[in-house]
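So the protein lines, in turn, are chains A and B. The opening residue of the first sequence carries number 48 in the working numbering; numbering runs sequentially from there. The opening residue of the second sequence carries number 878 in the working numbering; numbering runs sequentially from there. To keep things clear, I will list the structure first and then write my remarks on it.
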Amino acid sequence: MLSGTHLLVVLCLVSSLCAQDLEGIQIHRFATQGFLFTSNNNYLSMRSSQGSLQWTDGGVSLVDSLSDHLRVGIQLHMYQLGDLGGPNIQVDWASGDYRVNDHLGFRAGKVKTVTGLFNDSQDVDAVYLWTLLPQSMYPIDNKSFLLSHLGGEVYGDLRLGGRRGDMQYRAFAGQANLDSTGGYVKQLADLGLVFTNPPGGRTYGGDLRWVAPWNAFTMGSSARVQAVDGTAPAGRLHVPPVVITSHYVQFNHKKYYAAVEYRREPINPTIIIGQTVIHSPADQHVWYVMGSYDISKRLQLGSYYSHYINAAADSSLPNNYSKDWDLSGRWNFNDYFYAKLEGHFLHGTALGYYTSTNPGGLQPRSNMLAARIGFSF
Amino acid sequence: MRTLGKTRWLLLLLALAAHRAARAQDVIIVANPEMRVSVITPEDLRAIYTGARSQLPDGSHVLPVTLKGGPAHEVFLMNYVKETPDQFRTAWRKAVFTGQGAMPRAFESEAALLQFVASTPGALGYVSRVVPGDKVKPLSVLPPPH
């Protein structure tokens, strides 16, 4: 079995240090190493209160344009985040893409799932200033489940004419399974439900966004329906179809960047362990606001506030909310190699904490330092 | 003596202005000679180079290519794509790593880019200058209709 370290070495050494184009086949790679230190609690299944380096990921993608209209590709990905992930290499996406024209295209296979601004690119660390995206909306411990689905999507770009900009649409349908080494499965295992096959279910949805003619401004909405069912030796999990809606605005002009996004996710899971039936309805209201500025070609600074509450429960209790102030910096050593440093002020314990790594309970507040280095070419 | 000094300053300012203007207008959009269109709008250029479109308004397929760096690359991106080279690279990385695109082919030199554009149907690029003998079709960039 290829370990994470081996994959990183392979990524670093295989061929030359630049993206390759072998007779039309493009090969691109990325790899990152992170560090997390928290003042209280262990975050994201890492022993972060002692300082943890157990945060590595890497990927390699191959893309081949077979004709003007047809492109095929695959991306292999490995991650280790505390107790999550592991040495297994996953297929991030693998699809065929047939673009009939600018208004209509099809992708089929394992395709990235569009939801909001960043869902389909949340694993591509190199494109963000942030070491951690707002965890209320893009939880890194569950990204593999949310990231892609088996099935297909239809997409296109519609010109509105004159200076009215473009409408871009994507609609998808398929099957999405929980990552057997991801956060949801670990939380269920902490409860006593250990799955031999990862639970999953049908998913469908879409995204519609308006892109202004000067490209700096984007606004749009996404909707995703997701059901999850699974059976374990000790019981089963049933999540009836959940409708996740997301609305967002993004501004990106010269050195300035700003975005705001709101999402609602009412969920009503049922967990059956032996004779015990647990209903845990939640009405999750999530939003964030972020902004950044390019100080120079090499240095970016930014900040965000991320907010999560479970409105179906007593949202004054720390385990029903999560509020996170973030201050971020990124330094680009060159076009391929970068470093990030980030401070977080976390209030609430609703997200990112696991019983198994916090056996003594949780403090309602924690400060966190996150750092990451990475390369992409 | 004083008049000469003023004239010198004026000449220097004019030279600087001319240099800046030359830099801003330094990029020529070039296409494969078989391309049917002779003009292109800045909106189309931006949409093509951001990957939003792969066709010209007449429906023909277009294959954008870039330079790997240099002044012409920066001027083109700033003037027509409205992005810095970093922003341009980041946007394409995002497309590549999410399975939504293949990065435009990039060339070390203008000569190599011109050679590729000349020999590849649908190819579109930019250079700082074109000389007689280059087998490419310069395109005019027109403002869009209001």
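Cβ coordinates follow ideal geometry from the N, Cα and C atoms, glycine included.
Alpha carbon to alpha carbon, what distance is there between A:R419 and A:N89?
18 Å
Given this structure, state the Cα-to-Cα distance separating B:H950 from A:M337, to the nearest angstrom.
30 Å
Of the listed residues B:P1020, B:I925, B:E911, B:V1013, nearest to B:E987 (C-alpha basis)
B:V1013
Using a Cβ-Cβ distance under 8 Å, would A:W257 count as near chain B?
no
Could you tell me the boundaries of the alpha helix (DSSP H) in which B:S996 lies?
987 to 996
When the cut-off is 8 Å and only beta carbons count, does A:D226 lie next to chain B?
no
Looking at chain B, is there any beta carbon in it that lies within less than 8 Å of the beta carbon of A:A386?
no
State the Cα-Cα distance for the pair B:P1063 and A:L348, rounded to the nearest angstrom.
Since the displayed chain B opens at 878 and closes at 1023, residue 1063 of chain B lies outside it and no answer follows.
Separation of A:N405 from A:N366, as counted between CA atoms
13 Å
Min CB distance A:K190 to chain B below 8 Å
no
Going by C-alpha distance, which of A:Q297, A:F298, A:T317, A:T85 is nearest A:P287?
A:T317
For A:H150, which residues in the same chain have their Cβ closer than 8 Å to its Cβ, ignoring the five residues on either side in sequence?
G203, D204, L205
Which one or two residues does DSSP pair with A:G132 in a beta bridge?
A:Q127
Checking contacts by CB at 8 Å: is A:W261 closer than that to chain B?
yes
Any C-beta of chain A under 8 Å from that of B:S931:
yes
Could you give the DSSP three-state label for B:V1004: helix, strand or coil?
strand
Going by beta-carbon coordinates alone, are A:D188 and A:G230 separated by less than 8 Å?
yes
Residues in the region 135 to 147 of chain A with C-beta within 9 Å of chain B's C-beta atoms, listed in sequence order?
D139, W140, A141, S142, D144, R146
Using a 10 Å radius around the Cβ and a threshold of 16 neighbouring Cβ atoms, would you call B:S996 buried or exposed?
exposed
Same chain, Cβ closer than 8 Å to A:G321, neighbours up to 5 away in sequence not counted
A281, G282
List in chain order: all unbroken beta strand (DSSP E) runs of 3+ residues lying wholly within the region 171 to 236 of chain A.
195 to 206, 213 to 224
Quick check on DSSP: helix, strand or coil for A:I342?
coil
Let me make sure I understand the geometry here. Which of A:V289, A:N379, A:Q122 has the alpha-carbon closest to that of B:T967?
A:N379
Beta carbon of A:L374 nearer than 8 Å to that of A:S350
yes
Could you tell me the boundaries of the beta strand (DSSP E) in which B:V952 lies?
From DSSP, B:V952 is part of no beta strand (DSSP E) but of the alpha helix (DSSP H) over 948 to 953.
Proximity of A:G152 and A:D144 at Cβ, strictly below 8 Å
yes
Pull out every residue of the region 960 to 975 of chain B whose Cβ sits closer than 7 Å to any Cβ of chain A, in chain order.
D963, R966, T967, R970, K971, V973, F974, T975
Range of the contiguous beta strand (DSSP E) that encloses A:L255
247 to 258
Does the beta carbon of A:V286 sit closer than 8 Å to a beta carbon anywhere in chain B?
no
Straight-line gap, A:L123 to A:D371 (C-alpha atoms, nearest Å):
31 Å
Using Cβ-Cβ distances below 7 Å, what residues of the region 110 to 133 of chain A are close to chain B?
V110, S112, D115, R118, G120, Q122
In terms of alpha-carbon separation, which member of A:H332, A:N299, A:A386 lies closest to A:A345?
In the sequence as presented, Ala is not what sits at residue 345 of chain A; that position holds Arg. Cα-wise, what sits closest to A:R345 is A:A386.
Can you tell me where the beta strand (DSSP E) holding A:R154 begins and where it ends?
151 to 159
Could you spell out the range, first to last residue, of the alpha helix (DSSP H) harbouring B:P962?
962 to 974
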